[in-house]
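For reference, the structure is listed below as structure tokens.
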Ligand code: ATP
Ligand code: LTN
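Here is the structure:
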């Protein structure tokens, strides 16, 4: 029997800082689990990162660092195409075309746009507004089946699906209509200081997030300082106890234990003991990743060669979809 082609996965992270525990549990950890069964592309979306002003040297540094982090977390560079978005011009080209198929009203509804325009009131640029069109281009260029992301990206995936269907209805079957894949645990890790907001790598207060490169002692301290409540009972109740529930989610992601098992484990203990256990467990798993990360960062030549080769592989796949699209919309062949 003919072997069936594996389904394709596509996902990406912005090199807008060092990735946090939220990016790890919401995205990368799941990619690692899925990589065996799918044909995967994992992108460093540097063009998306430009929607917020970046220091050029830092953007370069963060981009290469994110490549190393992907590998350190367990993505296999032989099995997956790990590459930099700006190395493949097809993303920008499809983005333009999809802009012309997206309505202002659709983009106006995006909660990420609303949230980021509040946070960056001095720079509400057109790129921030059309950000979801570029994300749709990333996904649709590769005829993606599945997009593993955190909960905050659900709305963008819906828009991507709408655009694919809209385009296909006019021009025939050009794009595969992708599905989102949002994990059960870890899809929304919250800020340690304001547990009703999501943890974000570009937040101002470094105590609000745990960076994957934080010193292990600092991780333990940040968890100790995490905002909780005064009830002193370890109980899962995101509405009334967002801080404790967030720490329970984090602990659940590390250990695989469910909420009721965690409640039982800490039934007769206060928050102090619970926080130390979570902090220590976290510090241990993050420092194992850091050891690999540091080794990889000592061989920048290897990382640069990898992304250069992978850009060619990605560009080849992307070019097939892009040529089809150009033909359909009526561009004259060269
Ligand atoms: P920024 O702060 O620069 O906006 P971010 O930390 O929100 O960045 P992204 O690069 O936008 O991260 O997201 C990369 C991936 O991580 C996406 O799949 C996103 O859904 C996931 N993710 C981001 N934050 C969290 C979180 N707090 N919990 C779970 N998943 C998250
Ligand atoms: N918008 C995403 C990052 C992103 C992405 C993608 C995720 C850009 N392109 C394609 C999945 C597939 C975010 O997390 N902010």
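Numbering (the working numbering), first residue to last: 1 to 334.
A virtual CB, placed ideally from N, CA and C, is assigned to each residue, including glycine.
If you compare alpha carbons, which of the options is closest to residue i?
i	options	result
residue 258	204, 298, 236 and 72	236
residue 323	189, 229 and 142	142
residue 10	220, 136, 92 and 106	136
residue 139	120, 123 and 159	159
residue 228	219, 221, 246 and 215	246
residue 328	115, 174 and 54	174
residue 250	74, 185 and 108	185
residue 170	101, 151, 121 and 205	101
residue 113	51, 56 and 292	51
Mind checking who residue i pairs with in its DSSP beta bridge?
i	result
residue 8	39
residue 20	211
residue 180	147
residue 81	41
residue 190	198
residue 13	44
Near residue i, which residues of its chain fall below 7 Å by C-beta distance, leaving aside the five closest residues on each side in sequence?
i	result
residue 296	68, 71, 72 and 303
residue 30	148 and 183
residue 284	none
residue 254	281, 282 and 285
residue 63	15, 44, 46 and 84
residue 111	155
residue 279	219, 220, 223 and 224
Can you check whether the C-beta of residue i is within less than 8 Å of a C-beta belonging to chain C?
i	result
residue 181	Absent from the structure is chain C; it holds one protein chain and no more.
Spatial neighbours of residue i within its chain, please: C-beta separation below 8 Å, excluding the five flanking residues on both sides.
i	result
residue 19	13, 28, 66, 69, 201, 211 and 212
Keeping to the same chain, check which residues put their C-beta closer than 6 Å to that of residue i; ignore five residues upstream and five downstream.
i	result
residue 45	12, 14 and 85
residue 144	8, 10 and 178
residue 127	51
4 or more residues per run - each alpha helix (DSSP H) lying fully within the region 85-110: 90-99 and 104-108
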